[in-house]
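Working notes, beginning with the structure itself.
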Amino acid sequence: MSDFSLADLAQIIASKRGADAARSYTKSLFEAGTPRIAKKFGEEAVETVIAAMEGDRKNLTSEAADTLYHLLVLLEAGGVALAEVLAELETRTVQSGHAEKASRGERK
Numbered sequence: 045m046s047d048f049s050l051a052d053l054a055q056i057i058a059s060k061r062g063a064d065a066a067r068s069y070t071k072s073l074f075e076a077g078t079p080r081i082a083k084k085f086g087e088e089a090v091e092t093v094i095a096a097m098e099g100d101r102k103n104l105t106s107e108a109a110d111t112l113y114h115l116l117v118l119l120e121a122g123g124v125a126l127a128e129v130l131a132e133l134e135t136r137t138v139q140s141g142h143a144e145k146a147s148r149g150e151r152k
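The opening position of the sequence shown corresponds to residue 45 in the working numbering, with each subsequent residue numbered one higher.
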């Protein structure tokens with residue numbers, strides 16, 4: 045198994061801010077702006093859901109990778125570090141998911 049991590053990917057994405065948009069898809073997303081990045085993230089998330097519902101393991105893997113990538117681009121564009129998201133997730137592990145959601149007033 046690879047040692048590649050989401051932190052590695054986040055670092056690569058951040059480094060693309062200074063790239064040439066003609067040669068970097070990531071840079072072209074940054075130049076298109078947050079609405080375009082958010083739209084791409086949403087599209088990839090839907091494609092991930094469809095792959096899961098179809099039971100297509102290979103496509104689920106591919107679409108999940110696309111979703112994670114676009115999420116990290118969206119976070120970078122929004123100035124949110126992956127470490128901040130992970131810290132938030134960590135704080136939620138001290139109680140059950142049901143209790144955590146109830147503390148935020150969420151249903152389901």
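We put the beta carbon where it would ideally sit given N, CA and C, even for glycine.
Asked: Continuous alpha helix (DSSP H) stretch holding phenylalanine 74: start and end; Found: 69 to 76
Asked: Among Leu118, Glu98, Met97 and Val93, nearest to alanine 108 - alpha-carbon criterion; Found: Val93
Asked: Length of the line joining the Cα atoms of alanine 63 and serine 106; Found: 25 Å
Asked: Proximity winner among Val117, Val138 and Gly123, relative to alanine 54 (alpha-carbon distances); Found: Val117
Asked: Whole runs of the alpha helix (DSSP H) within the stretch 109 to 151, excluding any shorter than 4 residues; Found: 126 to 136 and 141 to 147
Asked: Touch test, the stretch 133 to 145 against the stretch 111 to 125, Cβ-Cβ under 8 Å, three pairs minimum; Found: no
Asked: Chain-order list of residues whose beta-carbon lies under 8 Å from that of glutamate 75 (same chain, five-residue window excluded); Found: Ala65
Asked: Three-state secondary structure (DSSP) of leucine 52; Found: Looking at the sequence itself, residue 52 is aspartate, so the reference to leucine does not match. Helix, per DSSP.
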